[in-house]
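Undergrad:
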Amino acid sequence: MASKRGCSLYSLVNEIFEIALKAEKAGVDLRHFVEREALLVRAKKIGFVPVLESLWHEMIEVAYTNSRELVVKSWFESGVLLAKYYAESGLRNPLRELLKDLEALSWNVSEMNMKGDDKAIHLSIRAPKVSEPYVTLLSVMLEGVLTTFGYRVINKEVTRSFIKLEALREAGSSD
Amino acid sequence: MTKEKKLVYVSKDIIDEITRITRRKGTFISKFVEESLNQAIKLEDMGYSIEEAAESFEVIRALRVLGGVFTPQEVLECLARETCRANESLLEKWYEAGILYGKYLKEKFHDPLLKLRKFLEIVRWDLNEVNVKHDKNLIKLVCVSVTHNHELTEALARFVEGVVTGLGYHVQKKEVMKSLILLEFNSMYT
Numbered sequence: 017m018a019s020k021r022g023c024s025l026y027s028l029v030n031e032i033f034e035i036a037l038k039a040e041k042a043g044v045d046l047r048h049f050v051e052r053e054a055l056l057v058r059a060k061k062i063g064f065v066p067v068l069e070s071l072w073h074e075m076i077e078v079a080y081t082n083s084r085e086l087v088v089k090s091w092f093e094s095g096v097l098l099a100k101y102y103a104e105s106g107l108r109n110p111l112r113e114l115l116k117d118l119e120a121l122s123w124n125v126s127e128m129n130m131k132g133d134d135k136a137i138h139l140s141i142r143a144p145k146v147s148e149p150y151v152t153l154l155s156v157m158l159e160g161v162l163t164t165f166g167y168r169v170i171n172k173e174v175t176r177s178f179i180k181l182e183a184l185r186e187a188g189s190s191d
Numbered sequence: 004m005t006k007e008k009k010l011v012y013v014s015k016d017i018i019d020e021i022t023r024i025t026r027r028k029g030t031f032i033s034k035f036v037e038e039s040l041n042q043a044i045k046l047e048d049m050g051y052s053i054e055e056a057a058e059s060f061e062v063i064r065a066l067r068v069l070g071g072v073f074t075p076q077e078v079l080e081c082l083a084r085e086t087c088r089a090n091e092s093l094l095e096k097w098y099e100a101g102i103l104y105g106k107y108l109k110e111k112f113h114d115p116l117l118k119l120r121k122f123l124e125i126v127r128w129d130l131n132e133v134n135v136k137h138d139k140n141l142i143k144l145v146c147v148s149v150t151h152n153h154e155l156t157e158a159l160a161r162f163v164e165g166v167v168t169g170l171g172y173h174v175q176k177k178e179v180m181k182s183l184i185l186l187e188f189n190s191m192y193t
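Top line first, the protein sequences correspond to chains A and B.
Count the first sequence with the numbering used here and you get residues 17 to 191, in order.
Count the second sequence with the numbering used here and you get residues 4 to 193, in order.
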């Protein structure tokens, strides 16, 4: 690292400690901070952008009321794209990694659980503080994800703050 | 990773400070040292310098404090297209949200205009360029994104206009076209 930056090991190490001390003084946990940065890098890679939550819910309400079909299609397609990206990423368990990242990026979702194996998947999501259209659209996006990974949704339960999806692996599909 | 040790000099002031912190936390100096270096290496591997990461940390913290969500860009564009067409008053909400951000930046930072640029660069990574130029009393802000549709550009322009207003500036000129936002503003008191 020091030779890449063209500085001495002494100055690099001292600089790192100075910044670590600054972070400590500001009450920032360095490990947590780096984890958050890594998440942002992943968000950028998978084409996610941050948006203000209040506007976001307002936009969803209006769009869902006025152009439901188009909006649903857009969410489903983004689930498909997301799944394709992870499927091609060379990860050992791309679906699990995708859901882990999605959970970390969904500050408004309080819990996202995935159980199952190669044959069947059970997904449950709790999001008590969001609007009903948002929960519906999130479930649509997840359907796009599961379909792309070769699963068929056999049971879907969507209420104001809860999503439950059960899916079976389609015969003949592979990762 | 090998556990072989290497001796590197560290200035006494820094070691004193580390000692003070580790004592307070009831941990070892060696643990603090290893943890700091490990995290710095991780950041470097991600293509960040620690200084850049510190900037983005502040910005993301602001986003979290004021309420933010992550969404696929194509979904955001679809929503912007459908909602801006259907509901003009929603643009006003982008403006009002911008004012709130502007006030927050003004309250929190010494150079809020610089933070606004950083905010747009870091949070709106879908923007290809963000530029702030000072020309005597006038300040020019340019945002370029080749991927935004017209509706999203317009919504973002209203948001930025709101931020600038919240910072206490007066917008003199605004040009919005697909993928480009140009704002000229000056202090309300000049």
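Using N, Cα and C, we set each Cβ at its ideal position, and we do this for glycine too.
Taking residue 35 of chain B as the reference, which of A:33, A:182, A:111, A:147 has the closest Cα?
TA: Measuring from the Cα of residue 35 of chain B, the nearest candidate turns out to be A:33.
Undergrad: Kindly indicate which residue of B:105, B:72, B:41 has the alpha-carbon position closest to the one of residue 165 of chain B.
TA: Nearest C-alpha to residue 165 of chain B: B:105.
Undergrad: With contact counted as at least three CB pairs below 8 angstroms, one residue from each stretch, are the region 97-115 of chain B and the region 58-71 of chain A in contact?
TA: In short, these stretches touch, since the Cβ pair count reaches three.
Undergrad: Any idea if residue 33 of chain B is buried or exposed, counting beta-carbon neighbours within 10 angstroms, 16 or more meaning buried?
TA: Residue 33 of chain B comes out exposed.
Undergrad: State the beta-bridge partners of residue 128 of chain A as determined by DSSP.
TA: Note: residue 128 of chain A sits in a beta bridge opposite A:141.
Undergrad: Flag residue 179 of chain A as yes if its beta-carbon sits less than 7 angstroms from any beta-carbon of chain B, otherwise no.
TA: Taking Cβ atoms only, chain B never reaches closer than 7 angstroms to residue 179 of chain A, which makes this a no.
Undergrad: Which residue's Cα is closest to the Cα of residue 113 of chain A: A:84, A:79, A:86, A:59?
TA: Ranking the options by Cα distance to residue 113 of chain A, first place goes to A:59.
Undergrad: With which residues is residue 173 of chain B paired in a DSSP beta bridge?
TA: Paired residue(s): B:189.
Undergrad: List, from N- to C-terminal side, the beta strand (DSSP E) runs of 3 residues or more that fit wholly inside the region 7-90 of chain B.
TA: Segments of the beta strand (DSSP E) lying fully in the region 7-90 of chain B: 71-75.
Undergrad: With a floor of 3 residues, list each beta strand (DSSP E) that falls wholly inside the region 39-119 of chain A, ordered by position along the chain.
TA: Taking only runs of at least 3 residues, the beta strand (DSSP E) segments lying wholly in the region 39-119 of chain A are 64-68.
Undergrad: Identify, in the order they occur along the chain, each residue of the same chain with its Cβ nearer than 6 angstroms to the Cβ of residue 173 of chain A, setting aside the five sequence neighbours on each side.
TA: Hits under 6 angstroms: 180.
Undergrad: To be precise: take each residue of the region 36-50 of chain B, compare its Cβ to all Cβ atoms of chain A, and keep it if any distance is under 8 angstroms. Which residues remain?
TA: Against chain A - using a Cβ distance shorter than 8 angstroms - the residues of the region 36-50 of chain B are 36, 38, 39, 40, 42, 43, 44, 45, 46, 47, 49, 50.
Undergrad: Contact between the region 113-121 of chain B and the region 74-93 of chain B: three or more CB pairs below 8 angstroms?
TA: With a cut-off of 8 angstroms, the region 74-93 of chain B and the region 113-121 of chain B do not count as touching, because too few Cβ pairs lie within range.
Undergrad: Kindly indicate if chain B contains any beta-carbon less than 7 angstroms away from that of residue 30 of chain A.
TA: Closer than 7 angstroms: yes.
Undergrad: Is residue 65 of chain B close to chain A, meaning its C-beta is less than 7 angstroms from at least one C-beta of that chain?
TA: Output row for residue 65 of chain B: interface = no.
Undergrad: Can you give me the start and stop residues for the alpha helix (DSSP H) that residue 148 of chain A sits inside?
TA: Segment 148-164, the alpha helix (DSSP H) holding residue 148 of chain A.
Undergrad: Quick check on DSSP: helix, strand or coil for residue 167 of chain B?
TA: In the structure shown, residue 167 of chain B sits in a helix (DSSP, three-state: H, G or I).
Undergrad: Would a check of beta-carbon distances place residue 68 of chain B closer than 7 angstroms to chain C?
TA: Note that chain C does not occur in the displayed structure, where the protein chains are A and B.
Undergrad: How is the alpha helix (DSSP H) around residue 118 of chain B delimited, first residue to last?
TA: It spans 115-126 - the alpha helix (DSSP H) in which residue 118 of chain B sits, taken as one unbroken run.
Undergrad: Once you ignore the five residues that flank residue 171 of chain A on each side, which residues in its own chain have a CB closer than 6 angstroms to its CB?
TA: So the qualifying residues of the chain are 182.
Undergrad: Residue 161 of chain A touches chain B at which residues, Cβ-Cβ below 9 angstroms?
TA: Correct list: empty, because the minimum Cβ distance to chain B is about 11 angstroms.
Undergrad: Using 7 angstroms as the limit for Cβ to Cβ distance, is residue 86 of chain B near chain A?
TA: True, the Cβ-Cβ gap to chain A drops below 7 angstroms.
Undergrad: Bridge partners for residue 7 of chain A per DSSP, in chain order?
TA: Here chain A covers residues 17 to 191 and nothing more, so residue 7 of chain A does not appear.
Undergrad: Could you confirm whether any beta carbon from chain B is found closer than 7 angstroms to the beta carbon of residue 26 of chain A?
TA: It does: the Cβ of residue 26 of chain A has a partner Cβ on chain B nearer than 7 angstroms.
Undergrad: Taking only beta-carbon atoms, is residue 50 of chain A less than 7 angstroms away from chain B?
TA: Yes, its Cβ sits closer than 7 angstroms to a Cβ of chain B.
Undergrad: DSSP state of residue 183 of chain A, grouped into three classes?
TA: Note: residue 183 of chain A maps to strand in three-state DSSP.
Undergrad: Taking beta-carbon pairs under 7 angstroms, can you tell me which members of the region 62-90 of chain A lie near chain B?
TA: Cβ contacts with chain B: 63, 64, 65, 66, 67, 68, 69, 70, 71, 72, 74, 75, 76, 78, 79, 82, 83, 86, 87, 90.
Undergrad: What are the boundary residues of the alpha helix (DSSP H) that residue 20 of chain A is part of?
TA: That run of the alpha helix (DSSP H) goes 18-21.
Undergrad: Contact between the region 135-144 of chain A and the region 56-70 of chain B is defined here as three or more beta-carbon pairs at a separation below 8 angstroms; is this criterion met?
TA: Touching, no, given that fewer than three Cβ pairs across the two stretches are closer than 8 angstroms.
Undergrad: Please report whether the beta-carbon of residue 57 of chain A lies at a distance below 7 angstroms from any beta-carbon of chain B.
TA: Yes, its Cβ sits closer than 7 angstroms to a Cβ of chain B.
Undergrad: Could you name the residues of the same chain whose beta carbon sits closer than 6 angstroms to that of residue 88 of chain A, not counting the 5 residues immediately before and after it, in chain order?
TA: Same-chain partners within the cutoff: 156.
Undergrad: Under 8 angstroms by Cβ, that's how I've got residue 73 of chain A and residue 177 of chain A pegged, so tell me the actual separation to the nearest angstrom.
TA: In fact, because the Cβ distance is near 13 angstroms, the residues do not count as touching under 8 angstroms.
Undergrad: By the criterion of Cβ-Cβ separation under 9 angstroms, what are the contact partners of residue 145 of chain A in chain B?
TA: The contacting residues do not exist; residue 145 of chain A stays about 10 angstroms from chain B at best.
Undergrad: Please determine, among B:83, B:122, B:81, B:91, the residue with the shortest C-alpha to C-alpha distance to residue 101 of chain B.
TA: Selected option, being the one with the closest Cα: B:122.
Undergrad: In whole angstroms, give me the CA-to-CA distance for residue 99 of chain A and residue 168 of chain A.
TA: Each residue's alpha carbon lies about 14 angstroms from the other.
Undergrad: Below 8 angstroms on the Cβ atoms is my guess for residue 179 of chain B versus residue 156 of chain B; work out the distance and round it to an integer in Å.
TA: Contact flag correct, Cβ pair sits at about 6 angstroms.
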